[in-house]
Every structure is written in structure tokens, then in C-alpha cells.
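Participant:
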Amino acid sequence: MKKEFFESDIGESYVKAELSSGLKIFILEKPQYTTSYAIFGTKYGSIDTAFSANGGEKVSVPEGIAHFLEHKLFESEDGDAFSKYAKTGAYANAFTSFDKTCYLFSCADKFYENLDILLTFVQSPYFTEQTVQKEQGIIGQEIKMYEDSPAWRVMFNMLMAMYHNHPVRIDIAGTTDSISKIDAELLYKCYNTFYSPSNMFICIAGNIDADKVLKVIEEKIKPQEPLEITRFFEQEPETVVKPYTEQKLAVAQPMFCFGFKEKTEKPQRSVKEKICSALLLEIIASDSSPLYKQLTNDGLINDEFSSEYFSGNGYCATIFEGESKNPAAVAEAIKNEVKRLKAEGIDKKLFSAIRCGMYGNAIRLFDSVEGIAMQLVDCAMNGSGLFDELKYLKSVTKEDVERRLELLDCENTVLSVINPMEEI
Numbered sequence: 030m031k032k033e034f035f036e037s038d039i040g041e042s043y044v045k046a047e048l049s050s051g052l053k054i055f056i057l058e059k060p061q062y063t064t065s066y067a068i069f070g071t072k073y074g075s076i077d078t079a080f081s082a083n084g085g086e087k088v089s090v091p092e093g094i095a096h097f098l099e100h101k102l103f104e105s106e107d108g109d110a111f112s113k114y115a116k117t118g119a120y121a122n123a124f125t126s127f128d129k130t131c132y133l134f135s136c137a138d139k140f141y142e143n144l145d146i147l148l149t150f151v152q153s154p155y156f157t158e159q160t161v162q163k164e165q166g167i168i169g170q171e172i173k174m175y176e177d178s179p180a181w182r183v184m185f186n187m188l189m190a191m192y193h194n195h196p197v198r199i200d201i202a203g204t205t206d207s208i209s210k211i212d213a214e215l216l217y218k219c220y221n222t223f224y225s226p227s228n229m230f231i232c233i234a235g236n237i238d239a240d241k242v243l244k245v246i247e248e249k250i251k252p253q254e255p256l257e258i259t260r261f262f263e264q265e266p267e268t269v270v271k272p273y274t275e276q277k278l279a280v281a282q283p284m285f286c287f288g289f290k291e292k293t294e295k296p297q298r299s300v301k302e303k304i305c306s307a308l309l310l311e312i313i314a315s316d317s318s319p320l321y322k323q324l325t326n327d328g329l330i331n332d333e334f335s336s337e338y339f340s341g342n343g344y345c346a347t348i349f350e351g352e353s354k355n356p357a358a359v360a361e362a363i364k365n366e367v368k369r370l371k372a373e374g375i376d377k378k379l380f381s382a383i384r385c386g387m388y389g390n391a392i393r394l395f396d397s398v399e400g401i402a403m404q405l406v407d408c409a410m411n412g413s414g415l416f417d418e419l420k421y422l423k424s425v426t427k428e429d430v431e432r433r434l435e436l437l438d439c440e441n442t443v444l445s446v447i448n449p450m451e452e453i
């Protein structure tokens, strides 16, 4: 086992270890806390629909299979994992995103018993045609529920209008048609590829002993040779599919999602690029920004207004969303503010105040074991360090953020709107 130890100047430290199988482990001890949080994850999400293992034949699978696999993995021949966690009193959950699947628990006691449950069920797939067919019905109902969710649809309608080919445009759960093509053989094929330890990670924060945890993990992880996974994506044009899309659902007032599609010359953004993007969004749209004050005074937005830097393997967008009586006016105001900042530059005082605020928030994150564990997941996914954000927030300049601003193309945007249904 390889081990590294990292310290920061804020009094925090963590251990990073790697087993011979390639599994990466991140542990941050918080002995003064009463709770612990553990995540067992894999770099496997909804966008991974075409792949090969160790240079073998290309495999294409139905959309939604990563999410389907997440649901099925909790089941085993001797009962489901949730019932086992219920006996220990731990909170347990799982989620699938565009690029990862994570299984997690949090607890105040019986940590090692809960860890054993986690390590066991994630490594013990059990799929039969009967249980797969049953799950198709369950997930089919979930998909229909999301089809009626305004917050879900406004986002995915935007992604479908933004991306021509990239699978980020497809709902994470897939479609009722795509999941009908999933069978036990396909699930095992995806599991044996993406649930290889070399593609996985374990992130833990809380009142635990790192050496003891590493010993338990080393004993429980099944030995396996590292696996090389190649992911395939169709070439994605730089342009959007269409600049506007709308749908009518049961909402009190229009909802919107407005995004700038950005070039993706490389698979992942660096930590510094992400920091610059986060700073830029605060400068453009935080409640201390000129734009926010203008839109609020004009009655065009409310407290639901937010922004997000959305990026991953082969996709990248800067997104603003919320509720408004006039979404088109909000989108136009955002574009005008981007143009103004490009022409005039970013205000020094505003930049300094926002950077200081973000630095304070980054430090406060270490007060939450859940927050720490999720940050460690980002480290595992991106190959970054837990303290990199603090380092770059100290050194990033106004000029760095202004260069980031230039990547926002006001001619390459999508506005997605959910309008209220017409009264009969």
C-alpha cells in the first residue's frame, strides 16, 4: 500500500493511500466530532454509454444503465443493504451523476460495522432477469415522475438544446425505452468494467482512526489487476442545437435555465480554472453584484436565482437559473452584464470582497464531515488535492478571472423556459 500525508496551514490534514489494485483511499480524521461519513464511489456515470476495457472491443450500452446498476447493487441474496443499515442506526444512501456513482453512510457509532456493510454490498453484485424486470417498472415510474418535475425539465431541456451528441443531454435515469433494453448480462458487463478497484475510490471523514480504517479496507477489498478503461464520445460541435426551448408544466410563474456553452478542448478543467469560474459567477450574479441588484429592483428575479459552473468529461457550461415573469429579459440582462465586464473590467473592490468571502466559506467547509467527504470525492475524480482550493483562492488574480470571462460567448447560449399551463 502506498501512503501519503498532507497538511495545511489551517490545522487540517489527511491521508491518501492506494492499494495494489489501484483503489484510492482518502481519510481525514476529526477526533473531536461525534459523527463519521464514508463514501465508496466509482468513476462511472450516465455519460459512460460507450467504452472498452484493456483495449478490447467497443461496447455500447443503453442510456440510464449506471443509475439502474446503482439501484440494483443494494440487493443481495441475503437481503438488501438498507435493512442492514437500519439495524445499526446509520443513514445510508446512494446517487448517480453524469460522471460518478457513490454509495454512502453516516453514523455516530458502529462505524466499522457500517463500513463492513458498505464494502461488502458494493463488491457483491447480484442480478437476475426477474429482479431486473421488476426494477424496470420501478425506475420507469421514477422517470415519469422526473418528466413532470419543472426543476428537472428546465435543466435537461436546456442541455438537449445545447448539446448535439454528447450524452450529457440525456436524463441520468435514461428513458423508459432505453431501460427496457437492460438485462442482467449487461449489468454484469458494466459492473465488471467500471467497478474495478482501479476505477474506484473511498473517501472518509470523521471520528475514526485512519490506520485502522486502512487495515480494514485492505483486508476487505478483493484483489484485482488494474483495468484500463477507454470512454468513447461522438464529436460535439461548438455551436448549440437551438438558442431557445420551452415547455408548459404546472408552475405558478415561469422558470428558466440560461446557459453559455463553452469549448471543451480538454476532458477536465483544472482546479484553478474552476476557482476562476466560481469567482466569476459570484461577481456576475451573487446578491452583492450590480446585476443582481438591477434584476431585483426591476422585479425580474427572486430568491430562487442561482448560478452554476457545469463541467465534466467533454462538456462545459456556465448556467443561471431561477424564476421570472420575463425570462428573456433576464437572459438579455446577463448577456449585457457579461459584455459590460469585458469592456470595463472587473471592479477591484468587488473582486477582493468576493475572493475573501469564498476563502472563508472554503475554511468553514472543514466544519462538516459530509462537506469534507464530498470534497475528497472531487479530489478522487480530478486528481487534485484537498487544500488546492485554499491555495488558489490566495493566489488567483482579477486578471485571471477576466481571462476566464472572455470564454463566455454571448452568441452561443441557450434559454430554457418552463411556462405555466394555460388555464381552462
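Going by the numbering used here, the first residue of the sequence shown is number 30, and it counts up by one from there.
Glycine included, C-beta positions come from ideal geometry on N, C-alpha and C.
1) Going by DSSP, what residues sit across from Ala79 in a beta bridge?
2) Determine whether the beta carbon atoms of Ala314 and Phe289 lie at a separation below 8 Å.
3) Note the first and the last residue of the continuous alpha helix (DSSP H) segment covering Thr149.
4) Return the CA-CA distance between Lys368 and Gly374, expressed in angstroms with no decimal places.
5) Report the option in Lys371, Phe97 and Phe380 whose CA atom is closest to the CA atom of Gly166.
6) Between which two residues does the beta strand (DSSP E) containing Met174 stretch?
7) Could you give the distance in angstroms between the alpha-carbon of Asp145 and the alpha-carbon of Ile56?
8) For Thr442, does the count of other Cβ atoms within 10 angstroms reach 16, so buried, or fall short, so exposed?
9) Quick one: give me the first and last residue of the beta strand (DSSP E) that Phe124 is part of.
10) Are the Cβ atoms of Gln276 and Ile392 separated by less than 8 Å?
11) In whole angstroms, what separates the C-alpha of Gln152 from that of Glu214?
12) Reducing DSSP to helix, strand and coil, say where Thr325 ends up.
13) Need the endpoints of the alpha helix (DSSP H) that Ile330 sits in, please.
14) Can you list, in chain order, the residues of its chain whose CB lies under 8 Å from that of Val406, leaving out five sequence neighbours each side?
15) Starting from the N-terminal side, write out each stretch of the alpha helix (DSSP H) that is 4 residues or longer and does not extend beyond the stretch 206-274.
16) Please go through the same chain and pick out, in chain order, the residues whose beta-carbon is closer than 7 Å to the beta-carbon of Leu437, but skip the five residues on each side of it.
17) DSSP puts Asn448 in a beta bridge; with which residues?
18) Within the stretch 335-376, note down every full alpha helix (DSSP H) run reaching 4 residues or more, in order along the chain.
19) Thinking Arg260 and Phe80 are a contact (beta carbons under 8 Å), I'd like their distance in whole angstroms, please.
20) Count the other C-beta atoms from every protein chain shown that fall within 10 angstroms of the C-beta of Phe330, then say buried if there are 16 or more, exposed otherwise.
21) Give a yes or no on contact between the stretch 102-118 and the stretch 76-90, applying the rule of three or more CB pairs nearer than 8 Å.
22) What is the C-beta distance between Lys59 and Val398, in whole angstroms, given that I count them as a contact (C-beta under 8 Å)?
23) In the DSSP assignment, the beta strand (DSSP E) including Cys136 goes from what residue to what residue?
24) Rounding to the nearest angstrom, what Cα-Cα distance links Leu422 and Phe124 in this structure?
25) Could you tell me the alpha carbon to alpha carbon distance between Asn411 and Val161, rounded to whole angstroms?
26) Given that a residue counts as buried once 16 or more other Cβ atoms are within 10 Å of its Cβ, and exposed if not, what is Tyr120?
27) Let me know if Arg432 comes out buried or exposed under the rule of 16 or more other beta-carbons within 10 Å of its beta-carbon.
28) For Ile453, count neighbouring Cβ atoms within 10 angstroms of its own Cβ and tell me buried if that reaches 16, exposed if not.
29) Quick one: what's got a C-beta closer than 8 Å to Asp238's C-beta in the same chain, skipping five residues either side?
30) With respect to the alpha helix (DSSP H) encompassing Met184, which residues constitute its N-terminal and C-terminal limits?
Facilitator: Let me lay it out:
1) Counting from 1 along the sequence shown, the entry for residue 79 is found at position 50. Beta-bridge pairing links Ala79 to Ser89.
2) Looking up residue 314 in the sequence shown gives position 285. Looking up residue 289 in the sequence shown gives position 260. Result no, Cβ atoms of Ala314 and Phe289 do not sit closer than 8 Å.
3) Counted from its first residue, the sequence shown places residue 149 at position 120. Residues Phe140 to Val151.
4) Indexing the sequence shown from 1 puts residue 368 at position 339. Indexing the sequence shown from 1 puts residue 374 at position 345. Approximately 10 Å, taken between the alpha carbons.
5) Taking the sequence shown and counting its residues from 1, the one referred to as residue 166 is at position 137. Considering only alpha carbons, the answer is Phe97.
6) In the sequence shown, counting from the first residue as 1, residue 174 sits at position 145. Here Met174 belongs to no beta strand (DSSP E); instead the alpha helix (DSSP H) covers Glu158 to Glu176.
7) The residue given as residue 145 occupies position 116 in the sequence shown. The residue given as residue 56 occupies position 27 in the sequence shown. Put simply, the backbone Cα of Asp145 is about 16 Å away from that of Ile56.
8) If you number the sequence shown from 1, residue 442 lands on position 413. Its Cβ being crowded by 16 or more others within 10 Å, Thr442 is buried.
9) Translated into the one-based positions of the sequence shown, residue 124 becomes position 95. Unbroken beta strand (DSSP E) run through Phe124: Tyr120 to Thr125.
10) By one-based count along the sequence shown, residue 276 stands at place 247. By one-based count along the sequence shown, residue 392 stands at place 363. No, they are not a contact pair.
11) Locating residue 152 in the sequence shown gives position 123, counting from the first residue. Locating residue 214 in the sequence shown gives position 185, counting from the first residue. Their backbone Cα atoms lie some 17 Å apart in a straight line.
12) Position 296 of the sequence shown, counting from 1, holds the residue named residue 325. Thr325: helix per DSSP, three-state reduction.
13) Counting from one through the sequence shown, the residue named residue 330 turns up at place 301. Here Ile330 belongs to no alpha helix (DSSP H), and DSSP marks it neither H nor E.
14) Taking the sequence shown and counting its residues from 1, the one referred to as residue 406 is at position 377. Ile68, Gly70, Lys129, Cys131, Phe230 and Cys232, listed in sequence order.
15) Runs found: 213-223 and 239-249.
16) In the sequence shown, counting from the first residue as 1, residue 437 sits at position 408. Only Phe289, Thr347 and Val367 meet the Cβ criterion.
17) Taking the first residue of the sequence shown as 1, we reach residue 448 at position 419. DSSP output for Asn448 lists Lys277 as bridge partner(s).
18) 356-373
19) In the sequence shown, counting from the first residue as 1, residue 260 sits at position 231. In the sequence shown, counting from the first residue as 1, residue 80 sits at position 51. Yes, Arg260 and Phe80 are in contact; Cβ-Cβ is about 5 Å, under 8 Å.
20) To locate residue 330, count along the sequence shown from 1; it is residue 301. Inspection of the sequence shows that residue 330 is occupied by Ile rather than by Phe. With 16 or more Cβ atoms within 10 Å of its Cβ, Ile330 is classed as buried.
21) no
22) Against the sequence shown, residue 59 aligns to sequence position 30. Against the sequence shown, residue 398 aligns to sequence position 369. The pair is a contact, with the Cβ atoms about 6 Å apart (cut-off 8 Å).
23) Along the sequence shown, read from residue 1 onward, the residue named residue 136 stands at position 107. Note, Cys136: beta strand (DSSP E), Thr130 to Cys136.
24) If you number the sequence shown from 1, residue 422 lands on position 393. If you number the sequence shown from 1, residue 124 lands on position 95. Roughly 29 Å between the two C-alpha positions.
25) In the sequence shown, residue 411 corresponds to position 382, counting from 1. In the sequence shown, residue 161 corresponds to position 132, counting from 1. When rounded, the distance between both Cα atoms is 33 Å.
26) Position 91 of the sequence shown, counted from the first residue, corresponds to residue 120. Flag for Tyr120 reads exposed.
27) The residue you call residue 432 lines up with position 403 of the sequence shown. Looking at its Cβ environment, which holds fewer than 16 other Cβ atoms inside 10 Å, Arg432 is exposed.
28) Indexing the sequence shown from 1 puts residue 453 at position 424. Bear in mind that a pLDDT of 44 at Ile453, under 50, signals an unreliable position, so the number given afterwards is only what the model happens to contain. Burial call: exposed.
29) The count along the sequence shown starts at 1 and reaches residue 238 at position 209. Hits under 8 Å: Glu58.
30) Locating residue 184 in the sequence shown gives position 155, counting from the first residue. Counting along the chain, the alpha helix (DSSP H) containing Met184 begins and ends at Pro179 to Met191.
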